[in-house]
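Letter by letter, the sequence shown follows residues 1 to 282 of the UniProt record's numbering. Heads up, the thing below is written out as structure tokens.
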Amino acid sequence: MSKRLGKGLDALIPSLSVSEDDKVIEIPLKELRPNPFQPRKAFDDENIQELADSIAQHGVIQPIIVRKVLKGYEIIAGERRFRASQVAGKKTIPAVVRTFSDQQVMEIALIENLQRENLNAMEVATAYQALMEEFKLTQEDLSARVGKSRSHIANFLRLLSLPEEVKEYVSRGTLSMGHARALVGIKKEDLILMLAHRAIEEGWSVRQLEEAVQNLETKRKDNDKDKDKKTDPYLVDVEQTLQSRFQTTVKIRNSSKDKGKIELNYYSRQELERLLEMLNNM
Numbered sequence: 001m002s003k004r005l006g007k008g009l010d011a012l013i014p015s016l017s018v019s020e021d022d023k024v025i026e027i028p029l030k031e032l033r034p035n036p037f038q039p040r041k042a043f044d045d046e047n048i049q050e051l052a053d054s055i056a057q058h059g060v061i062q063p064i065i066v067r068k069v070l071k072g073y074e075i076i077a078g079e080r081r082f083r084a085s086q087v088a089g090k091k092t093i094p095a096v097v098r099t100f101s102d103q104q105v106m107e108i109a110l111i112e113n114l115q116r117e118n119l120n121a122m123e124v125a126t127a128y129q130a131l132m133e134e135f136k137l138t139q140e141d142l143s144a145r146v147g148k149s150r151s152h153i154a155n156f157l158r159l160l161s162l163p164e165e166v167k168e169y170v171s172r173g174t175l176s177m178g179h180a181r182a183l184v185g186i187k188k189e190d191l192i193l194m195l196a197h198r199a200i201e202e203g204w205s206v207r208q209l210e211e212a213v214q215n216l217e218t219k220r221k222d223n224d225k226d227k228d229k230k231t232d233p234y235l236v237d238v239e240q241t242l243q244s245r246f247q248t249t250v251k252i253r254n255s256s257k258d259k260g261k262i263e264l265n266y267y268s269r270q271e272l273e274r275l276l277e278m279l280n281n282m
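Take a look at the structure:
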């Protein structure tokens, strides 16, 4: 088991395992409270019900791990068993009492969930940030504690800079971690949202989104070079209006006072067809 867990948890393994020498006590469910540092925000109701059915028939086979607090006990490991016992109508649950610091409790909850892949990307990012802020840890400190590379931690923390709407997409699984990483380098929120919406609506792969971001960056550099050449505020306003209308990058290139061309960017065959349909209906 220890080989599967982060290095930061290795020293805690003996305290998480239950042996025949441990004193197991029955604790009333009403005296227990969930781990306040639990990074997992959503529990699958169907899985909880299945576990509740098993507990109703066989009882709780593996005791949960708790620590004593001012009013009752706090769950360290075993919240699913606790929730399922509530659903099963149990009054008590077998438990082993341990002593843990707040930092150990946060690390245990985070690493256990990471190993089971129970957390979505935003829950992981939020948990990393909470650990760093609560215990004044650097990224290097956190890397050593949870057994993950510094680049891994940095990539997750960058997700926290995304707009709330996009973070919600990632939390629900509408956008993947890969999609989020492709968007995180964009500075303008409206462009992030535009590309996120396009990725969802068009079913873009991570590669397609990365290409769209790259094309957008290339256009931005071209725009920077052309700033001195285009000072007409009317054309700037028209570009912004068309970009909002077509939900894609629009570029107006004027070759003379009254002549020029309008460019509409697309990032997939499906999006090209969408733009053509919009133009045909105008």
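Heads up, the beta-carbon is just placed ideally off N, CA and C, and yes, glycines get one too. All of these numbers come straight from a predicted model, not from anything done at the bench.
The distance from the Cβ of Thr241 to that of Tyr266 is about 18 Å, inconsistent with a contact at the 8 Å cut-off. By the criterion of at least three beta-carbon pairs nearer than 8 Å, the stretch 153-168 is not in contact with the stretch 72-82.
For Ala56, same chain residues with a beta-carbon under 6 Å away, outside a window of 5 residues either side, are Ala88 in chain order. Assignment of Thr218 by DSSP, reduced to helix, strand and coil, places it in the helix class. Each residue's CA atom was taken as its position, placing Glu50 and Ile64 some 18 Å apart.
Under the three-state reduction of DSSP, Val206 is assigned to helix.
In the displayed model, Leu70 falls within coil according to three-state DSSP, outside both helix and strand. In this structure the stretch 167-174 does not lie against the stretch 132-144, because fewer than three pairs of beta carbons, one per stretch, are closer than 8 Å. Glu239 and Arg253 have their C-alpha atoms spaced approximately 10 Å apart. Every alpha helix (DSSP H) stretch that sits fully inside the UniProt domain "ParB-like N-terminal" (25-114) and reaches 4 residues is listed by chain position as 45-58, 79-87. The continuous stretches of alpha helix (DSSP H) do not include Lys261, which lies in the beta strand (DSSP E) extending over residues 260-264.
The Cβ-Cβ distance between Ile48 and Ala77 does not fall below 8 Å. Per the C-alpha coordinates, the member of Met282, Glu202, Ile153 positioned closest to Arg181 is Ile153.
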